[in-house]
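Below you'll find the structure, written out as structure tokens, and then a few comments.
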Amino acid sequence: MIERRGFGTDTRIISHLNPHVEIMLHQADELKMDGKYEKAIEVYDQVITIDPRNARAFHSRANVLDMMGRFEDAISSYNDAIVCDPLNAETWYNKGLTLKKIGKRIESFACVQRGLYIYLGTE
């Protein structure tokens with residue numbers, strides 16, 4: 125098992141990057157760009173197995189699931205990303221866009237608004 129060390133601030137955990145995980149994330153992103161969505165999800169899942177608090181892997185996985193039309197799964201993955209990094213504005217915003225696709229307008233607006241507040245530093 126790979127040990128992950130980091131340190132905390134008042135609101136976020138700063139962790140040391142694992143080069144193996146970074147390479148895997150890059151490979152998964154390339155697969156996504158090539159339209160190989162299922163394979164990309166497999167690689168994101170491998171990253172999550174290695175590093176279960178990797179918000180980037182959950183967020184990117186959610187983006188792919190959204191692109192595949194698997195909106196409920198995408199929302200679940202965005203939620204996992206938010207647990208790992210609750211101050212990621214893009215994750216909140218993207219979750220809101222996905223919620224809108226399934227007709228959850230009020231929740232959608234709240235998530236988009238939260239993402240914008242975080243981005244603007246007014247959260």
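Numbering of the sequence shown is given in our numbering, commencing with residue 125 and proceeding in unit increments.
Every residue, glycine too, gets a C-beta built ideally from N, C-alpha and C.
{"Query": "Cβ separation of Ile199 and Leu223, assumed to be a contact under 8 Å, to the nearest whole Å", "Result": "7 Å"}
{"Query": "Ala152 versus Tyr202 - alpha carbon distance", "Result": "17 Å"}
{"Query": "C-beta atoms of Trp216 and Arg238 nearer than 9 Å", "Result": "yes"}
{"Query": "Nearest-angstrom Cβ-Cβ length linking Phe182 and Ile172, presumed shorter than 8 Å", "Result": "7 Å"}
{"Query": "Buried/exposed call for Tyr241, threshold 16 Cβ in 10 Å", "Result": "exposed"}
{"Query": "Alpha-carbon spacing of Leu141 relative to Asn178, whole angstroms", "Result": "10 Å"}
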